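Colleague: Next up is a structure, given as structure tokens.
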Amino acid sequence: MVSAGLTALPSCSYDLPQAVSEPNTMKILCIGHGGGSIPLFLASKFRGADVHIVEIDPVVVSASVESMGFPASCAKGLSAHTMQPTDGDELLWNGVHDRISLHIEDAEDFIAGDSNVYDLVFIDAYDGNDIFPRKLWDADGAFLRNLEEKVHPLHGTVVVNLHSDSGPSSPDVDDEAPFENVLPMGRYVSHVCRAYKRHFGLAFTVASPWLCNITLVACRDKAILKGAPVGRSCRDFVLSKLLSRSSMVEQALDLPFPCLQYVKNGFTLVE
């Protein structure tokens with residue numbers, strides 16, 4: 393999930409190395425908190441990043457603080473006991489946590505009232521039944537309409553984690569062959585992918601079969617297709633551009649994992 397998003401961003405002409413080294417140059421949104429590892433990782437790698445997290449369930453946030461070491465001072469709206477900052481926050485994170493804000497709020501409501509414009513958005517949000525809420529992928533809904541306006545108009549990139557076994561399939565929907573070859577719930581996944589493509593212009597997926605997940609990446613089509621030669625396959629051009637940026641991303645961020653392997657695995661351009 394992280395590899396695909398970080399590689400797509402510079403493929404849309406974003407100056408990623410500058411955000412690594414310079415302050416106040418990047419805004420990141422994470423919808424869905426989990427244990428908080430992704431926002432902490434991003435804030436630690438990008439000195440110029442302000443990271444906002446939105447999580448609807450305060451129990452999830454409390455668990456991440458009390459059991460997983462997430463810095464309590466980042467969270468807004470928890471009990472006074474849970475939010476007590478510890479000496480360990482500064483010792484462990486050395487100021488990284490000062491650039492993270494965690495909002496306990498519904499994602500749709502947060503996006504509607506937020507004034508930030510984000511360079512990069514990660515969405516990994518599932519309800520108690522392990523279902524990706526429909527309102528987060530309804531092409532005609534308020535969430536995607538507002539998110540489109542809150543993502544940078546040139547290089548803004550949205551990354552969505554999708555579980556292959558989530559959600560209903562509709563018997564009256566046409567066959568979605570390209571996705572059926574990747575995931576058991578291909579028809580459901582294709583609905584989500586096409587909704588994001590409709591709002592952002594271009595979308596692709598990469599597979600993590602060992603996790604039964606795929607990563608959906610949606611970005612501005614004019615940015616990522618810039619320089620595409622006439623007659624060349626759009627899929628081949630986008631994949632080539634992503635792969636050509638992967639080494640730069642690894643080096644700029646000193647990543648402990650290779651991007652190329654994750655980006656090319658099961659790469660599918662959403663039609």
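In my numbering, the protein residues as written are 393 to 663. Where a beta carbon is used, it is the ideal one built from N, C-alpha and C, also for glycine. If you're wondering where the values come from, they're calculated on a predicted model, not measured in any experiment.
#1: Measuring CB to CB, does Leu554 end up less than 9 angstroms from Leu634?
#2: Which of the three DSSP states, helix, strand or coil, is assigned to Cys422?
#3: Report yes or no: do the segment 484-493 and the segment 435-454 share at least 3 C-beta pairs separated by less than 8 angstroms?
#4: Of the choices Ala615, Ile423 and Arg526, whose alpha-carbon is the least far from that of His583?
#5: Using a Cβ-Cβ distance under 9 angstroms, would Ala411 count as near chain D?
#6: Consult DSSP for Asp407 and reduce its assignment to one of helix, strand or coil.
#7: Would you identify the three-state DSSP class for Asn416, choosing helix, strand or coil?
#8: Under 9 angstroms, do His489 and Ser459 count as touching if we go by C-beta distance?
#9: With distances taken from CA atoms, which of Val452, Leu631 and Thr549 is nearest Ala517?
#10: Would you grab the beta carbon distance between Val412 and Leu645 for me? Rounded to a whole angstrom, and I think it's under 8 angstroms.
#11: Output the distance between the C-alpha atoms of Val513 and Ala400, rounded to the nearest integer angstrom.
#12: Could you check the C-alpha separation between Ser556 and Arg439 for me, to the nearest Å?
Modeller: Reading from the atomic positions:
#1: On the sequence shown, residue 554 is found 162 positions in, with the first residue counted as 1. On the sequence shown, residue 634 is found 242 positions in, with the first residue counted as 1. For Leu554 and Leu634, no; Cβs fall outside 9 angstroms.
#2: For the purposes of this step, residue 422 is taken as the residue at position 30 of the sequence shown. Annotated three-state conformation of Cys422 is strand, per DSSP.
#3: Yes, the segment 484-493 touches the segment 435-454.
#4: Walking along the sequence shown from the start, residue 583 turns up at place 191. Nearest Cα to His583 within the set Ala615, Ile423 and Arg526: Arg526.
#5: Here chain D cannot be found, since the structure has a single protein chain.
#6: The count along the sequence shown starts at 1 and reaches residue 407 at position 15. Coil, per DSSP.
#7: Counting from 1 along the sequence shown, the entry for residue 416 is found at position 24. If DSSP states are grouped into helix, strand and coil, Asn416 belongs with coil.
#8: The residue labelled residue 489 in the question sits at position 97 within the sequence shown. The residue labelled residue 459 in the question sits at position 67 within the sequence shown. No; because the gap between Cβ atoms is not below 9 angstroms, this pair is not in contact.
#9: Taking the sequence shown and counting its residues from 1, one reaches residue 517 at position 125. Residue Val452 is the option with its Cα nearest to Ala517.
#10: If you number the sequence shown from 1, residue 412 lands on position 20. If you number the sequence shown from 1, residue 645 lands on position 253. In this structure Val412 is in contact with Leu645, their Cβ atoms being roughly 6 angstroms apart against a cut-off of 8 angstroms.
#11: Stepping through the sequence shown from its first residue, residue 513 is reached at position 121. Stepping through the sequence shown from its first residue, residue 400 is reached at position 8. If you draw a straight line from the Cα of Val513 to the Cα of Ala400, it comes to about 12 angstroms.
#12: For the purposes of this step, residue 556 is taken as the residue at position 164 of the sequence shown. For the purposes of this step, residue 439 is taken as the residue at position 47 of the sequence shown. Rounded to whole angstroms, Ser556 to Arg439 spans 34 angstroms at the Cα level.
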